[in-house]
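If you read the protein sequences in the order shown, they are chains C and H. Under my numbering, the first residue of the first sequence carries the number 1, and numbering increases by one thereafter. Under my numbering, the first residue of the second sequence carries the number 211, and numbering increases by one thereafter. The block underneath contains the structure these notes are about, expressed in structure tokens.
Number of protein chains: 2
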Amino acid sequence: MAGYVSDAVIRRLPGYYRHLRELETAGVTQISSQELGKRMQLTPSQIRQDINCFGGFGRQGYGYNVTELKGHIGEILGLDRLHKVIILGAGSIGTAVARYPTFSREGFETIAMFDVAVDKVGGTVGDIPVLSMDKLESFLGENHVDIAVLALPAAYAQDTLDRLYAGGVRAVWNFAPTDLNHPNEMIVVNVHLSDSLQILSYRMAHSEDE
Amino acid sequence: MAGYVSDAVIRRLPGYYRHLRELETAGVTQISSQELGKRMQLTPSQIRQDINCFGGFGRQGYGYNVTELKGHIGEILGLDRLHKVIILGAGSIGTAVARYPTFSREGFETIAMFDVAVDKVGGTVGDIPVLSMDKLESFLGENHVDIAVLALPAAYAQDTLDRLYAGGVRAVWNFAPTDLNHPNEMIVVNVHLSDSLQILSYRMAHSEDE
């Protein structure tokens, strides 16, 4: 399969996947590097380099088969596997993640949510049961969990991450607005919403300067 | 003030701001480039270069005054201004953004939400009124809006962005899982949640290979 794939290429993979899914939905079966480049604001040669980089296929002059390329990139992204997910925190963010429509389509199945609020514990979000945080250890003992989503206040995030690690969870998607310490063998990807909004604010402030 | 600031430095600014806020909350008044670098997983010389880059201050050997540096970085990020925000879509994501506690603290004030669902229009999320999407143009005619948050399905995002542009909005924070066409003078920052989850999935798939 693919050889060394740079971080920059990895960061572009979800964009490829998203555009190819949109093209597939629109009924497009074949696309050239020129057309794909135009959609993605990359040069055709960049597109060809990227696709070569992850095990190039498609024949020069014929373009790429949309469904095949999407399937191939999906495999590289690990989207051909089923991921069992739990969500820590049944507030607004946890609920938004639980209801996000594309996740289940891409193989991410939320099997439980956890919260401390007595009015939430015992209820459901959609079909997903909300359990007490006290039950986290016993749940992890009985269920295989691939990914834990941290959707709780920053003050509780590190302690919860440590409990998840002790319970065998090795991948965390962190929405708590703080940076967490974790062992090397644990993968943590942060979604710092404030950072993104601050970048918008920065660009607004400095577009006025220009 | 600061001279040319590279994209890489700009992307690190919210991280500086977040760490300095945490330090301030913890009662730390002074920090060295060594200590700040350790927290942020950057070298002390990287920290000094970054801080010089945005109009360096602090005296060699004395470290940086936490509150001053935070204030200075906040200004660069435009957080000393009040931003009037509207949210398009009062579903899970829109509600999560409306309730996100740090935004109002950082000067982002949500003045209205918009939705098409009859059971939502006329209600409120917290103190924020939910208005009908039909009222968007008249609202924009009567109110100054700095930032519009797109928290609606991908299929409606482009049309809504065009309406916002026509109504004078020049900054969009986009949560719809699609890339949008927009005039150069409009600033669009995307939060593609699927992309972030797919990067996590990629890293999980490939850590097993190693």
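Where a beta carbon is used, it is the ideal one built from N, C-alpha and C, also for glycine.
Residue environment, residue i, which counts as buried when at least 16 other CB atoms sit within 10 Å
{"i": "Pro177 (chain C)", "result": "buried"}
{"i": "Gln34 (chain C)", "result": "exposed"}
{"i": "Thr95 (chain C)", "result": "buried"}
{"i": "Lys345 (chain H)", "result": "exposed"}
{"i": "Ser201 (chain C)", "result": "buried"}
{"i": "Arg11 (chain C)", "result": "exposed"}
{"i": "Arg257 (chain C)", "result": "Residue 257 (chain C) cannot be examined here, being either before or after the span of chain C that is shown, 1 to 210."}
{"i": "Gly122 (chain C)", "result": "exposed"}
{"i": "Gly27 (chain C)", "result": "exposed"}
{"i": "Ala151 (chain C)", "result": "buried"}
{"i": "Gly15 (chain C)", "result": "buried"}
Contact with chain C by residue i, beta-carbon distance below 8 Å
{"i": "Pro254 (chain H)", "result": "no"}
{"i": "Arg258 (chain H)", "result": "no"}
{"i": "Val401 (chain H)", "result": "yes"}
{"i": "Tyr366 (chain H)", "result": "no"}
{"i": "Phe318 (chain H)", "result": "yes"}
{"i": "Leu341 (chain H)", "result": "no"}
{"i": "Thr461 (chain H)", "result": "Given that chain H is displayed from residue 211 to residue 420, the structure contains no residue 461 (chain H) and the question cannot be resolved."}
{"i": "Ser243 (chain H)", "result": "no"}
{"i": "His293 (chain H)", "result": "yes"}
{"i": "Asp329 (chain H)", "result": "no"}
{"i": "Pro393 (chain H)", "result": "no"}
{"i": "Thr388 (chain H)", "result": "yes"}
{"i": "Tyr422 (chain H)", "result": "Not covered by the structure: residue 422 (chain H). The range shown for chain H is 211 to 420."}
{"i": "Ser406 (chain H)", "result": "yes"}
Beta-bridge pairing of residue i - partner residues as DSSP gives them
{"i": "Gly281 (chain H)", "result": "Note: Gly281 (chain H) sits in no beta bridge, so no partner."}
{"i": "Ile296 (chain H)", "result": "H:Ala322, H:Ala358"}
{"i": "Ala171 (chain C)", "result": "C:Ile187"}
{"i": "Asn65 (chain C)", "result": "C:Gln30"}
{"i": "Pro129 (chain C)", "result": "C:Thr124"}
Member of the options whose CA lies at the smallest distance from the CA of residue i
{"i": "Leu180 (chain C)", "options": "H:Arg249, H:Asp325, H:Leu289", "result": "H:Arg249"}
{"i": "Leu374 (chain H)", "options": "H:Val295, H:Thr277, H:Ser411, H:Lys280", "result": "H:Val295"}
{"i": "Leu140 (chain C)", "options": "C:Asn184, C:Leu161, C:Ile31, C:Pro44", "result": "C:Leu161"}
{"i": "Leu88 (chain C)", "options": "C:Gly71, C:Lys120, C:Val28", "result": "C:Lys120"}
{"i": "Arg203 (chain C)", "options": "H:Ile409, H:Gly336, H:Met414, H:Trp383", "result": "H:Trp383"}
{"i": "Leu77 (chain C)", "options": "C:Val5, C:Gly168, C:Gln46, C:Glu185", "result": "C:Val5"}
{"i": "Val340 (chain H)", "options": "H:Phe264, H:Val328, H:Ser242", "result": "H:Val328"}
{"i": "Ala376 (chain H)", "options": "H:Phe385, H:Ser348, H:Leu362, H:Thr235", "result": "H:Ser348"}
{"i": "Glu142 (chain C)", "options": "C:Leu152, C:Ala151, C:Val169, C:Asp159", "result": "C:Val169"}
{"i": "Val191 (chain C)", "options": "C:Asp7, C:Phe175, C:Asn184, C:Met133", "result": "C:Phe175"}
{"i": "His182 (chain C)", "options": "C:Gly126, C:Gly71, C:Gln158", "result": "C:Gln158"}
{"i": "Gly336 (chain H)", "options": "H:Met343, H:Ser314, H:Ser342", "result": "H:Ser314"}
Sub-8 Å separation of residue i and residue j beta-carbons
{"i": "Ile246 (chain C)", "j": "Thr110 (chain C)", "result": "Here chain C comprises residues numbered 1 to 210, so residue 246 (chain C) is not present and cannot be evaluated."}
{"i": "Ser406 (chain H)", "j": "Ile187 (chain C)", "result": "no"}
{"i": "Glu106 (chain C)", "j": "Leu79 (chain C)", "result": "yes"}
{"i": "Tyr156 (chain C)", "j": "Ile73 (chain C)", "result": "no"}
{"i": "Ala171 (chain C)", "j": "Ile147 (chain C)", "result": "yes"}
{"i": "Leu13 (chain C)", "j": "Val66 (chain C)", "result": "no"}
{"i": "Val399 (chain H)", "j": "Val359 (chain H)", "result": "no"}
{"i": "Asp325 (chain H)", "j": "Ala300 (chain H)", "result": "yes"}
{"i": "Pro194 (chain C)", "j": "Thr312 (chain H)", "result": "For clarity, residue 194 (chain C) is Ser in the given sequence; the question names Pro instead. Result yes, Cβ atoms of Ser194 (chain C) and Thr312 (chain H) sit closer than 8 Å."}
{"i": "His293 (chain H)", "j": "Phe318 (chain H)", "result": "yes"}
{"i": "Gln251 (chain H)", "j": "Gly273 (chain H)", "result": "no"}
{"i": "Gln46 (chain C)", "j": "Gly37 (chain C)", "result": "yes"}
Residue-level contact to chain H via CB, residue i, 8 Å cutoff
{"i": "Thr160 (chain C)", "result": "no"}
{"i": "Thr102 (chain C)", "result": "yes"}
{"i": "Phe114 (chain C)", "result": "no"}
{"i": "Ser92 (chain C)", "result": "yes"}
{"i": "Glu152 (chain C)", "result": "The question names Glu, yet the displayed sequence has Leu at residue 152 (chain C). Chain H, which has no Cβ nearer than 8 Å to the Cβ of Leu152 (chain C), makes this no."}
{"i": "Leu20 (chain C)", "result": "no"}
{"i": "Arg163 (chain C)", "result": "no"}
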